[in-house]
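Below you'll find the structure, written out as structure tokens, and then a few comments.
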Amino acid sequence: MASYDVLGVGNALVDIQAKVEDAILSELGFDKGVMTLVDDEKQRSVLHRLNGHPLNCCAGGSVANSIVALAEFGGSGAFIGKIGRDDVGESFLRDMRDIGVSVDLEPTDALRTGTSAVLITGDAQRTMLTNLGASVTLDADDIDETMIKAAKYVYVEGYLLTGEKTKASAYRAMELAKDNGVKVAFTASDPFLVNMIRDEIWDLITGPVDLFFCNEEEAKSLTGEDDPIACAATIHDHAENVALTLGPKGSIVMHGGESFPIEGVKANAIDTTGAGDMYAGALLFGITNGMDWRQSGHLASQAAARVVSQMGARLENKFTQEEIESLSKLG
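Next comes the structure, spelled out in structure tokens:
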């Protein structure tokens with residue numbers, strides 16, 4: 120009997136969110152709406168520039184956000200990552216445990232805990248400046264087979280494929296999952312990653328990955344198709360399950376040779392931070408807690424719409440049990 124619905128393996132970061140004017144992005148020299156990796160010195164200068172802005176801080180990272188979402192829906196989640204031996208790392212641990220997530224995070228003295236400065240402009244675009252910090256030290260030896268065995272799904276983020284050690288941890292997690300009959304979910308993470316390692320991602324999709332998460336831009340880059348439905352069908356030819364998000368237009372869920380178009384939910388978007396992470400967490404909660412794929416897609420769509428209507432990647436207005444049960448009855 121599995122102890123965890125989902126075990127996440129990913130970057131352990133603390134998100135530092137702030138509303139800013141477009142002029143600040145221009146001043147800092149960053150492209151709007153994308154994630155940029157920055158070094159310690161640059162991150163310090165960015166955070167210094169945010170002095171005087173109201174800041175919202177919480178445990179983050181792509182897969183970590185999804186595991187938090189799953190836990191807040193009532194699912195059982197666990198997370199493996201790497202933090203520094205510092206106050207920021209302690210806040211990450213405390214935040215995750217307060218939500219009910221089991222964590223295996225061995226602190227390192229080598230680097231500080233990673234941070235992601237999330238700059239949100241008036242058009243709801245989020246520009247992420249990420250300093251991975253201690254996350255880059257996650258390696259294969261950090262993957263606990265006991266935790267893998269205890270999960271229904273292992274969820275791995277594509278960002279881990281950008282470093283030699285972190286890539287080894289991702290492959291080790293997937294290998295142990297397959298050895299122990301545990302399903303593997305994987306997220307493309309970012310269009311730049313797909314463009315950089317397209318063939319490797321295809322190898323994963325046709326190999327150990329049982330459920331592949333991607334957005335429209337990532338899917339188009341991966342397949343070379345222009346139509347999202349064609350993208351989803353092409354990926355589904357290789358992957359057992361596919362969840363392709365389309366922003367406000369909804370999503371496409373593929374399972375068992377069937378396509379389930381999921382409608383978009385109207386929302387007054389003020390911050391798109393974590394929309395994809397919330398979608399993944401909600402869908403993973405659904406499929407590991409008795410919902411079928413269509414019902415899980417509807418829940419994920421509703422959750423993503425709700426999270427973009429507020430600041431930050433955590434739901435302020437959480438779903439009630441009645442709302443979840445109502446969505447679980449959809450045909």
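Going by the working numbering, the sequence shown opens with residue 120, and the numbers climb by one from there. C-beta atoms are modelled at their ideal positions from N, C-alpha and C, and glycine is treated no differently.
- In this structure residue 221 is not in contact with residue 257, their Cβ atoms being roughly 17 Å apart against a cut-off of 8 Å.
- Annotation for residue 417: 381, 446, 449 place their beta carbon closer than 7 Å to its own, counting only its chain and skipping 5 residues before and after.
- Counting only the Cα atoms, residue 392 lies some 8 Å from residue 430.
- Check the Cα spacing between residue 226 and each of 213, 209, 234: the tightest is with 209.
- Only buried fits residue 339, as 16 or more other CB atoms lie within 10 angstroms of its CB.
- Residue 170 is positioned such that its CB atom lies no closer than 9 Å to that of residue 134.
- Counting of Cβ neighbours within 10 angstroms places residue 162 among the buried residues, the total reaching 16 or more.
- Under DSSP, no beta-bridge partner is assigned to residue 168.
- Annotation: residue 247 is outside any alpha helix (DSSP H); the continuous beta strand (DSSP E) that includes it extends over 245-252.
- Taken through DSSP and simplified to helix, strand or coil, residue 404 comes out as helix.
- For residue 440, there is no enclosing beta strand (DSSP E); the enclosing alpha helix (DSSP H) has its first and last residue at 440-446.
- Runs of the beta strand (DSSP E) spanning 3 or more residues and lying entirely within the segment 252-303 occur at 270-276, in chain order.
- Approximately 15 Å separates the beta-carbon atoms of residue 307 and residue 343; this is outside 8 Å, ruling out the contact.
- Look at residue 339 here: in three-state DSSP terms it is helix.
- In the three-state reduction of the DSSP assignment, residue 138 falls in the strand class.
- Taking the C-beta atoms as reference points, residue 189 is found nearer than 9 Å to residue 401.
- Linking residue 211 to residue 181 through their CA atoms gives a straight-line distance of about 14 Å.
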